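2 protein chains.
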Amino acid sequence: MVERTGLTDEQRLDWLRLIRSENVGARTFRDLVNHFGGARAALEALPGLARRGGAASARICSREEAAAEMQGARARGVHYVALGEPDYPRRLQMIDDAPPLLAIAGNRDVLTRPLIAIVGSRNASAAGIKFADRLARELGAAGYGIVSGLARGIDAAAHRASLPTGTVAVLAGGHTRIYPAEHVDLAEAILPNGLAVSEMPLSWEPRARDFPRRNRLISGLSVGVVIVEAARRSGSLITARMAGEQGREVFAVPGSPLDPRAEGTNGLIKQGATMVTEAADVIAVIEPILGRGLDPPPMEEPEPMNPPERDPGDDERGRIIGLLGPSPCSIDDLVRLSRTSPAIVRTVLLELELAGHIERHGGGLVSLV
Amino acid sequence: MVERTGLTDEQRLDWLRLIRSENVGARTFRDLVNHFGGARAALEALPGLARRGGAASARICSREEAAAEMQGARARGVHYVALGEPDYPRRLQMIDDAPPLLAIAGNRDVLTRPLIAIVGSRNASAAGIKFADRLARELGAAGYGIVSGLARGIDAAAHRASLPTGTVAVLAGGHTRIYPAEHVDLAEAILPNGLAVSEMPLSWEPRARDFPRRNRLISGLSVGVVIVEAARRSGSLITARMAGEQGREVFAVPGSPLDPRAEGTNGLIKQGATMVTEAADVIAVIEPILGRGLDPPPMEEPEPMNPPERDPGDDERGRIIGLLGPSPCSIDDLVRLSRTSPAIVRTVLLELELAGHIERHGGGLVSLV
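Note that the protein sequences, when read in sequence, are chains A and B. For the first sequence, our numbering assigns the number 924 to the initial residue and increments by one for each residue that follows. For the second sequence, our numbering assigns the number 924 to the initial residue and increments by one for each residue that follows.
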């Protein structure tokens, strides 16, 4: 990453174009900007990269499209905060797939407070909803902002209970496509003291796969995540797993072994999550962490500018592709086994990624799609 | 302790007389037998000890009373097993206040199997009862005997579910005073495959304080104790505490934070009890323990026979009494601070105990009553 203090309007537009272009995710964005020294240069390189990766064409977000989104957003009070800018949520910067641009609406003051996520079942029990309400109220009163996903059930209860103290709704779609639609009023009510945030285009209709993707932001914004009710294999458990991977504290509320809505939470406790029966259980774990402050600089140092001296040769590209498969493998291994340079491997991976042929995982792993 | 292989009928009668005498508990029994070399000699010394301890008189169980209890027991199929005899439950022998004589009725085969206690609220929820039933059934099928306290609610559910595989009811009163009376049939139904055990006189009507006392036998018999539902400050938590003190595994079943019957169990889990949502959670912890076998010889080596050369002098007795107070203090400290011998201190403590003036705690601590 290069930009550090704040983007110019022109740069912000380039960032938006780049992240809105086909097959460019948060990690690819970072690689592209590091590789080419900036979003503008990356945009110029995109068509060639995608073509060499095997794509017939790669849809690049035009200047006009990006400008229209910006304008639409501004008209609705939605602002784009870029990774590295002072307003960007500090803890979120630390995850390795932090969104380059975050579209936010509402009162940013809530970001100055430590955030705790409260999530759980959509079809929650009355007891689960009551407990989420109580917990959010007590944590709010103790100075914490409450993060959740604006879903029915536990999420909505957590948001409602923390409207006066400040709550953050993380959207799976765009700001003008609140999901579920019945929560449009709730999303509005959040704004005076809290925030709605999204990494998706303004009018993006969320698809099933956007929810797990969104869940990484819920945990990424937060110091800890409390799961109130969760069935086995539910979305809330994905948030818990992501929280663990991001080094966030994981809390779970117990329930009867005969209640299917407690299977997930009881399982988390067995795996080491902190059991929560009252707000004090959360605060006892979180407070010492806040005392330690945040870890090292949130953004990696800009890599030395070393655009590859030449494009990869077909034989090199062939060797690298031959090494890839559906199981994730490390980029280091690819460099070693392909007997090429790191720069060549990175370039080929970018090509393949932009052509939609590979997927990036955490920890520098990639696999064929 | 001296007897090791089995008592003669005459010795068994002496043991029964001694443990049924006033102010003689399990620990005092052990001290008296060690001190005087046997129950008969202890019985002879009792009146003098109690008088010197300040008692106007000490009720000593007569030969006739003891013989009558024995005869009444035999007529009802109740047998007395003495600490150190082969039939005495092995794990129970290891607790420091194991009853010298255990009155047992039923099928002793269940004692050859590892035992797990399942206890909980008397006013249990339907879910709690269902879970206790399921757990007892599954653990029974896995080869474990189920121990409980014959109370209403969780206890009764655990017993009923393990009638076919073998269950042990630990009574707070005597064998002919089943409490609650509505469980007389249940107590009968236990005997073909299981046991009822009691340390109390045959027709003892249990008082409130007999229940916590009884709870130490529930945990003492068992490799581990599962608490299914327990309110804050309930009797089941006493069993859990005793289990911990005795080095037994403590398990607890979680519940909603809004359910008062889960307050105790959730609290136990926070304190380190193993969370149980299925039988496998118990078995996973217990199996490795069984593999290790039992720890060192269950009974302490008989102490060298060193009856005090002389009775304590009044000044020595006065110094020792002066050092005692309502807070427990160690016998070692008494020896040191009174500048007398261990034998003198032990004798004075026996005197005071038999006169009902002191209480013994675990870990060699005593206090004034």
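For each residue, glycine too, the CB sits at the ideal point set by N, CA and C. On a predicted model such as this, the values are computed, not experimentally measured, just so you know.
The alpha helix (DSSP H) that contains residue i, what's its start and end?
{"i": "leucine 939/A", "result": "932-942"}
{"i": "threonine 1162/B", "result": "1158-1168"}
{"i": "methionine 1241/B", "result": "Checking the sequence, you will find glycine at residue 1241/B rather than methionine. Looking at the DSSP string, the run of the alpha helix (DSSP H) that includes glycine 1241/B is 1237-1246."}
{"i": "glutamate 1186/A", "result": "1186-1193"}
{"i": "glutamate 967/B", "result": "962-975"}
{"i": "glutamate 1140/A", "result": "What sits at residue 1140/A in the sequence shown is leucine, not glutamate. Taken as a continuous stretch (DSSP letters only), the alpha helix (DSSP H) holding leucine 1140/A covers 1133-1144."}
{"i": "alanine 1175/A", "result": "Looking at the DSSP string, alanine 1175/A is not in any alpha helix (DSSP H); the run it does join, the beta strand (DSSP E), is 1172-1175."}
{"i": "valine 956/B", "result": "949-959"}
{"i": "glycine 1063/A", "result": "1049-1064"}
{"i": "glycine 995/B", "result": "986-998"}
From what residue to what residue does the beta strand (DSSP E) around residue i run?
{"i": "glycine 1263/A", "result": "The sequence given here has threonine at residue 1263/A, not glycine. Careful: threonine 1263/A lies outside any beta strand (DSSP E) and carries neither H nor E."}
{"i": "leucine 1109/B", "result": "Note, leucine 1109/B: premise wrong, no beta strand (DSSP E); alpha helix (DSSP H) at 1107-1113."}
{"i": "serine 1071/B", "result": "1068-1071"}
{"i": "alanine 1119/B", "result": "1118-1121"}
{"i": "valine 1148/B", "result": "1147-1150"}
{"i": "arginine 1283/B", "result": "1281-1284"}
{"i": "isoleucine 1039/B", "result": "1038-1042"}
{"i": "histidine 1002/A", "result": "1002-1005"}
{"i": "valine 1205/B", "result": "That residue, valine 1205/B, is in no beta strand (DSSP E); its alpha helix (DSSP H) goes 1202-1215."}
{"i": "alanine 1026/A", "result": "1024-1029"}
{"i": "leucine 1288/A", "result": "1288-1291"}
{"i": "alanine 1092/A", "result": "1090-1093"}
Drop a sphere of 10 angstroms on the beta-carbon of residue i, count the other beta-carbons inside from all chains shown, and report buried for 16 or more, exposed for fewer.
{"i": "leucine 1213/B", "result": "exposed"}
{"i": "glycine 1097/B", "result": "buried"}
{"i": "glycine 976/B", "result": "buried"}
{"i": "alanine 1207/B", "result": "exposed"}
{"i": "proline 1249/A", "result": "exposed"}
{"i": "arginine 1136/A", "result": "buried"}
{"i": "glutamine 1169/B", "result": "buried"}
{"i": "threonine 1090/A", "result": "buried"}
{"i": "serine 980/B", "result": "exposed"}
{"i": "aspartate 932/B", "result": "exposed"}
{"i": "histidine 1284/B", "result": "exposed"}
{"i": "arginine 1132/B", "result": "exposed"}
{"i": "alanine 1203/A", "result": "exposed"}
{"i": "arginine 1269/A", "result": "buried"}
{"i": "leucine 1272/A", "result": "buried"}
{"i": "asparagine 1189/B", "result": "buried"}
{"i": "asparagine 1046/B", "result": "exposed"}
{"i": "alanine 1105/B", "result": "For the record, residue 1105/B in the displayed sequence is glutamate; it is not alanine. Answer is exposed; the Cβ neighbour count stays below 16."}
{"i": "glutamate 1210/B", "result": "exposed"}
{"i": "alanine 965/B", "result": "buried"}
{"i": "proline 1227/A", "result": "With a pLDDT of 47 at proline 1227/A, under the threshold of 50, the modelled position of this residue cannot be trusted; read the value that follows with caution. Exposed is the call here."}
{"i": "proline 1265/B", "result": "exposed"}
Could you work out which residue in the options is closest to residue i when comparing CA atoms only?
{"i": "leucine 1006/A", "options": "Leu930/A, Gly1248/A, Ile1267/A", "result": "Leu930/A"}
{"i": "leucine 969/B", "options": "Glu988/B, Ala1049/B, Glu1274/B", "result": "Glu1274/B"}
{"i": "proline 1180/B", "options": "Asp1182/A, Leu1181/A, Pro1183/A, Val1176/A", "result": "Val1176/A"}
{"i": "valine 1033/A", "options": "Ala1092/A, Gln1016/A, Arg1057/A", "result": "Ala1092/A"}
{"i": "glycine 1328/A", "options": "Pro1115/A, Ser1264/A, Cys984/A, Ile1069/A", "result": "Missing from the structure shown is residue 1328/A; chain A here goes from 924 to 1292 and no further."}
{"i": "asparagine 1138/B", "options": "Ala1112/B, Ser1048/B, Leu1191/B, Gly1043/B", "result": "Gly1043/B"}
{"i": "glutamate 1061/A", "options": "Gly1287/A, Ala1049/A, Ser1071/A, Ser1085/A", "result": "Ser1085/A"}
{"i": "isoleucine 983/A", "options": "Gln994/A, Val1001/A, Arg963/A, Arg999/A", "result": "Arg963/A"}
{"i": "glycine 1286/A", "options": "Ala989/A, Pro1251/A, Ser1261/A", "result": "Pro1251/A"}
{"i": "alanine 944/B", "options": "Ala1049/B, Arg999/B, Glu987/B", "result": "In the sequence on display, residue 944/B carries serine and not alanine. Considering only alpha carbons, the answer is Glu987/B."}
Contact defined as beta carbons within less than 8 Å: I believe residue i pairs with residue j. What is the distance between those atoms, to the nearest angstrom?
{"i": "arginine 1100/A", "j": "proline 1129/A", "result": "7 Å"}
{"i": "alanine 1110/B", "j": "leucine 1073/B", "result": "6 Å"}
{"i": "serine 1145/A", "j": "arginine 1184/A", "result": "Not a contact, Cβ separation roughly 22 Å."}
{"i": "glycine 1063/A", "j": "threonine 1088/A", "result": "3 Å"}
{"i": "leucine 1025/A", "j": "isoleucine 942/A", "result": "Not a contact, Cβ separation roughly 11 Å."}
{"i": "leucine 1191/A", "j": "valine 1173/A", "result": "6 Å"}
{"i": "alanine 1095/B", "j": "tyrosine 1102/B", "result": "6 Å"}
Cβ closer than 7 Å: which chain D residues qualify as neighbours of residue i?
{"i": "valine 1176/B", "result": "Considering every chain present, this structure includes no chain D. Its protein chains are A and B."}
At a cut-off of 7 Å, is residue i close to the ligand ZN when judged by its beta-carbon and the heavy atoms of the ligand?
{"i": "arginine 1136/B", "result": "Because no ligand of any kind appears in the structure shown, any question about the ligand ZN cannot be addressed here."}
Problem set entry | Cβ contact check for the stretch 927-937 of chain A and the stretch 1239-1256 of chain A: 3 or more pairs under 8 Å | no
Problem set entry | Contact the stretch 1149-1164 of chain A vs the stretch 1121-1133 of chain A: 3+ CB pairs below 8 Å | no
Exercise. How do the stretch 1282-1292 of chain A and the stretch 1236-1248 of chain A stand: do at least 3 beta-carbon pairs fall below 8 Å, yes or no?
Worked result: yes
Exercise. Any chance the stretch 1137-1152 of chain B sits against the stretch 1072-1083 of chain B, with 3 or more Cβ pairs inside 8 Å?
Worked result: yes
For this session: Check whether the stretch 957-974 of chain A touches the stretch 1262-1279 of chain A, counting contact only when three or more Cβ pairs, one atom from each stretch, lie closer than 8 Å.
Result: yes
For this session: Determine contact between the stretch 1027-1044 of chain A and the stretch 999-1017 of chain A, defined as no fewer than three beta-carbon pairs at a distance below 8 Å.
Result: yes
Exercise. Is it true that the stretch 1015-1022 of chain B meets the stretch 946-958 of chain B, where meeting means three or more beta-carbon pairs spaced less than 8 Å apart?
Worked result: yes
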